[in-house]
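Peer 1: Can you read through this structure? Questions will come right after.
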Amino acid sequence: MSENAKAEPVNSITKEDAAINDSAISFKPLRDEIPTVVTKDQPTVVTFSKESDNVTIALDNLQDQSEQSPLSQTDLLLAATLVSDAKHGRLSNFIPSEQCVKLYIIYHHWGLSYMLYFFIVLHHAVAICEDPAVEGYHLPYWVTMCIEFACVLFYLFRLFHCASFLPVEIFCRDKKNIIVLIAIILTAIDMSCYIGLVNSGYENFAIRWSRILRPLFMVNFSESKQVRRAFRNIRKTLPDILNVLILFFLSISLFSLMAQKLFQKRELKYPDGKPYFSNYLDIYFQLYVLVTTANNPDVMMPAYDSNRWFALFFIAYLIICLYIFMNIFLAVVYNNYRKHLKNEVRKLVYMKRKSLAKAFDLLKVKKNGTYVIDFKRFNVLLKMIPPIRSPMMVNILWYVLDTDGDNVVEKVDFLQLADLLNVTVTEVKDRRSIFVRITPECFHSKFSMSLRQLVAHKYFRYFFDLMILLNAFLIAFDISDAEWFFLALFTVEILLKMYTFGVLHFFRRFWNLFDFLVIGGAIIGTSIESFMDSSADDKTRTLDILLVLRVLRLVKIIGGIDRFQVIVTTILNLGPSILTYGGVLIVVFYAFAIIGMELFHDKIKYFGYQNITDSSQLYCGNPLLKGSVFYQSQYCSNNFNNILHTFVVLFELMVVNQWQVLANGYVLVTSKAARIYFFAFHLICVIIVLNIFTAFVLEAFILEYSFCKSKLESAMEKKIIEMGLQLGRKQSPSSKGTDSDNLVIDSEDVIEYNEDEFSGKNTNRRSSVYPDLSAKTDIRFHLSKSKNVENLLQRMFENELDVDDVGPDDIENYEDETTFSLMSL
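So the sequence shown is residues 1 to 825, counted in the UniProt record's numbering.
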């Protein structure tokens with residue numbers, strides 16, 4: 001960009017700029033234009049044209065209202081970037097120059113972000129083809145080396161790209177960047193050493209030890225902020241739970257010592273003939289396993305058979321270590337997790353407010369002794385922030401943001417801009433069915449109108465929910481004669497909904513998409529089987545499998561019942577967070593999988609269990625397992641011979657059942673030191689990570705329960721609702737010129753949000769200081785009823801903040817021991 005362009009002031013206003021609304025405004029509906037805005041104090045008139053989507057503005061004495069300074073293109077670009085960062089929850093630490101801002105925008109481009117995701121997945125998936133590789137997917141080492149080298153090069157590119165717009169001190173102080181750089185260096189050293197050893201004939205001594213570092217790339221790039229936040233929360237929680245863990249392990253030590261004195265000299269035996277509680281370390285491990293209940297009551301039975309009173313020892317141990325210590329541990333984890341989660345939420349709120357405050361300082365003008373933002377600068381700002389908005393939409397956004405109606409936006413109002421831009425906004429042209437454009441006469445006919453009203457009615461949905469229940473009943477009792485009838489009936493339902501609500505609008509609903517995939521899969525599957533001359537039983541079986549999935553849609557009905565609503569809503573809101581903790585588990589699993597493959601590769605193999613003629617294939621290929629519970633349980637497939645088998649074994653260990661059998665099997669083929677691996681995995685994954693996830697579920701349920709018992713709407717949302725701009729809002733009776741198709745298209749939203757509209761109830765009777773604009777504009781805000789944990793906590797925290805509080809200067813290292821109360825609900 002040239003220097004002239006940099007200095008070009010952005011003070012002019014074009015006819016595309018939208019309305020300027022003063023404190024008292026009135027909307028006059030016209031036949032072809034909506035709306036006309038007339039101010040009482042000023043003769044400023046703004047007219048919106050539906051056909052051309054243009055704005056006509058009459059500005060009389062606007063220039064006398066404010067003291068404006070020129071706004072450069074650089075400042076405008078910087079302000080737009082700051083607002084975009086606040087919208088997406090990013091920390092704006094870049095150098096405030098035009099070149100650095102442009103590099104920063106490119107860095108966060110969706111294309112580069114998806115490329116990073118691709119290389120991270122590829123880098124981790126290369127373990128499938130590396131030694132020990134999945135059978136049939138092995139590649140020469142130079143191929144996997146080239147793939148990993150390409151991944152590392154892209155990581156290096158992202159790192160240098162990040163350094164190009166960050167101040168040097170911030171880049172060097174950021175632990176994420178240091179960790180990624182160190183991981184890249186260590187990976188390069190490992191690759192060089194491995195290639196050297198293989199080419200020198202020392203392949204047996206070559207170990208790819210840097211593979212355990214790959215999850216660091218998944219966590220420490222900016223795109224993985226959710227997973228990184230979860231790990232940061234775990235790291236901060238660990239010191240607080242360390243005291244409980246120490247006491248827990250000391251209590252096991254004490255009971256182990258007591259067990260040694262009670263049972264060691266009694267020469268008791270396990271059912272397989274092994275000595276019972278023969279040494280202290282074995283006793284300690286067995287009692288630790290007993291806390292997980294995986295070996296209960298097996299570990300107690302030899303002592304209990306010897307003397308019935310010995311049961312008191314195990315009962316006391318389980319009461320203290322399982323029911324008391326484990327619950328205390330969960331309570332401590334929950335309390336500290338909650339505290340650190342709220343600190344993270346505070347950071348997010350302060351980051352958003354600080355970015356918006358910086359943007360306000362760049363855009364502000366002085367009017368009547370107060371710094372504000374006028375409509376001209378607001379309009380130009382929104383043009384810089386995707387997506388492209390029509391002048392009518394910009395005007396509505398301005399009117400919603402201007403809470404006091406004085407035709408300017410103060411700093412307090414501007415701090416709500418990120419929340420407003422995060423609300424999905426659509427116009428009627430975005431929601432209009434494709435059939436309106438293809439066959440308007442047919443679509444607007446009386447028969448079509450009646451048909452669409454029938455499909456939009458709630459009893460239409462109830463009828464098909466009843467059909468789903470009936471279909472499930474017939475499948476359960478193996479009555480297959482009606483399967484084709486139900487397939488045809490559900491296909492008709494989908495086609496009618498597509499016709500009524502439009503194809504795009506139809507697929508925006510999760511349950512509609514779910515129905516389409518299930519029914520479409522049933523049609524394709526049965527058609528393929530018919531083409532292949534499959535038997536009638538095979539065709540029916542395919543229909544049964546697919547159609548029974550539709551029963552899951554009844555979850556939606558259950559969610560509408562008050563007593564189940566909190567539970568179902570909590571489960572649905574947990575979806576994104578479950579993915580976050582799924583990422584945490586993948587990191588833990590991958591690290592332990594790499595270690596497990598290096599330790600236990602080819603120690604146990606699967607050759608089957610019957611008709612084995614080769615003696616080397618007996619007992620999972622290892623004679624040390626002869627007579628073991630591991631082999632008798634036919635666990636040979638639970639091995640560490642490739643990454644996929646290892647993940648299955650680790651999942652079985654996480655579930656806990658029989659995990660001591662798996663551990664003992666690998667102890668037999670290696671040494672008792674193998675217990676450290678299984679003990680460490682159980683401690684990190686089950687006791688720490690899963691307990692923190694349990695704490696998250698508890699917090700989510702408590703917040704959802706508190707939210708459902710109260711109102712947690714922002715002033716912005718209340719204003720949108722009172723203005724009638726919420727999607728699903730019935731248009732006013734005065735709107736006689738409204739197209740009939742608009743009413744029907746909104747009816748799908750009515751089904752989702754407000755079913756009273758079809759029952760004839762008047763939802764427009766209200767007392768409000770804001771005018772009802774539902775009949776004067778086709779713009780609607782998609783206000784979501786469901787909010788995840790972070791959104792609820794942000795709302796609660798913002799309710800307790802001063803309106804102009806933008807937080808401390810150093811947000812990254814901000815910690816606050818205070819807590820905000822649920823009373824804010």
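The beta carbon of each residue, even a glycine, is placed where N, CA and C say it ideally should be. Remember, it's a predicted structure, so these values are computed and weren't measured experimentally.
Can you give the Cα-Cα distance for P387 and T426, rounded to whole angstroms?
Peer 2: 12 Å
Peer 1: Cβ of G583 within 7 Å of Cβ of V227?
Peer 2: yes
Peer 1: Closer than 7 Å by C-beta to I619: which residues in its own chain qualify, once you throw out the five before and the five after it? Chain order, please.
Peer 2: Correcting the residue identity first, residue 619 is Tyr in this sequence and not Ile. Hits under 7 Å: L625, K626, Y631.
Peer 1: Along the beta strand (DSSP E) that carries V425, what are the first and last residues, could you check?
Peer 2: 424–426
Peer 1: I'd like the list of long-range same chain contacts for G596, defined as Cβ closer than 8 Å, with 5 residues on each side in sequence excluded.
Peer 2: F640, T646, V649, L650, Y677.
Peer 1: Under three-state DSSP, which class holds V629?
Peer 2: helix
Peer 1: Could you tell me the alpha carbon to alpha carbon distance between N335 and D419, rounded to whole angstroms?
Peer 2: 29 Å
Peer 1: Helix, strand or coil: which one does DSSP assign to T187?
Peer 2: helix
Peer 1: Compute the Euclidean distance between the alpha carbons of S113 and A472, then round it to the nearest angstrom.
Peer 2: Rounded to whole angstroms, S113 and A472 show a C-alpha spacing of 43 Å.
Peer 1: Hey, could you find the ends of the alpha helix (DSSP H) F781 is sitting in?
Peer 2: Premise fails: F781 lies in the beta strand (DSSP E), 780–782, not in any alpha helix (DSSP H).
Peer 1: In the DSSP assignment, find the unbroken alpha helix (DSSP H) run with V412 in it and report its ends.
Peer 2: 411–414
Peer 1: To the nearest angstrom, how far is it from the Cα of Y770 to the Cα of D404?
Peer 2: 10 Å
Peer 1: Might you give, ordered along the chain, the residues of its own chain that have their beta carbon closer than 7 Å to the beta carbon of Q344, omitting 5 neighbours on each side?
Peer 2: Per the sequence shown, the amino acid found at residue 344 is Glu instead of Gln. Excluding residues within five positions, the ones whose Cβ falls inside 7 Å are R229, N233.
Peer 1: When DSSP labels each residue in this structure, what does P302 get in the three-state scheme?
Peer 2: helix
Peer 1: So, using beta-carbon positions, are L415 and L356 closer together than 7 Å?
Peer 2: In contact: L415 and L356 (Cβ atoms closer than 7 Å).
Peer 1: Taking 8 Å as the limit between beta carbons, can you name the residues of its chain near L644, skipping five residues before and five after?
Peer 2: I128, V134
Peer 1: Distance, Cα to Cα, K672 vs L122?
Peer 2: Between the alpha carbons of K672 and L122 lies a distance of about 36 Å.
Peer 1: From this set, F600, L318, Y581, E699, which residue's C-alpha is nearest C685's C-alpha?
Peer 2: Y581
Peer 1: Below 8 Å, can you find three or more Cβ-Cβ pairs linking the stretch 196–210 to the stretch 250–262?
Peer 2: No contact exists between the stretch 196–210 and the stretch 250–262.
Peer 1: Give me whichever residues DSSP pairs with P275 in a beta bridge.
Peer 2: K269
Peer 1: If we count the other Cβ atoms within 10 Å of its Cβ and call it buried at 16 or more, is I120 buried or exposed?
Peer 2: Under the 10 Å beta carbon count, I120 is surrounded by 16 or more other beta carbons and is classified as buried.
Peer 1: Mind reading off the beta-carbon distance from E652 to L662? Whole number of angstroms is fine, and I expect it under 8 Å.
Peer 2: 7 Å
Peer 1: Could you tell me whether the stretch 719–728 touches the stretch 392–400, using the rule of 3 or more Cβ pairs below 8 Å?
Peer 2: yes
Peer 1: Against chain D, with Cβ distances strictly below 7 Å, would I434 count as a contact?
Peer 2: Protein chain content of the structure displayed is limited to a single chain, and chain D is not contained in it.
Peer 1: P391: buried (16+ other C-beta within 10 angstroms of its C-beta) or exposed?
Peer 2: buried
Peer 1: If contacts are defined as beta-carbon pairs under 8 Å, then L579 and V697 qualify, I think. What distance do you get, rounded to the angstrom?
Peer 2: About 14 Å; that fails the 8 Å criterion.
Peer 1: So, under 8 Å CB-CB, V244 and I328 are touching, yes? Tell me the CB distance rounded to an integer number of Å.
Peer 2: 6 Å
Peer 1: Rounded to a whole number of angstroms, what is the C-alpha to C-alpha distance between T500 and I434?
Peer 2: 10 Å
Peer 1: Taking the alpha-carbon of K776 as reference, which of A311, M393, A163 has the nearest alpha-carbon?
Peer 2: M393
Peer 1: Nearest by alpha-carbon distance to D778: which of N395, S251, H88, E717 is it?
Peer 2: N395
Peer 1: Put I373 into one of helix, strand or coil per three-state DSSP.
Peer 2: strand
Peer 1: Is it right to say A695 is buried, meaning 16 or more other beta carbons lie within 10 angstroms of its own, or is it exposed?
Peer 2: buried
Peer 1: Select from L76, A488, A125, T491 the residue whose C-alpha is nearest the C-alpha of I594.
Peer 2: Selection L76, A488, A125, T491 evaluated against I594 yields A125 as nearest (Cα-Cα).
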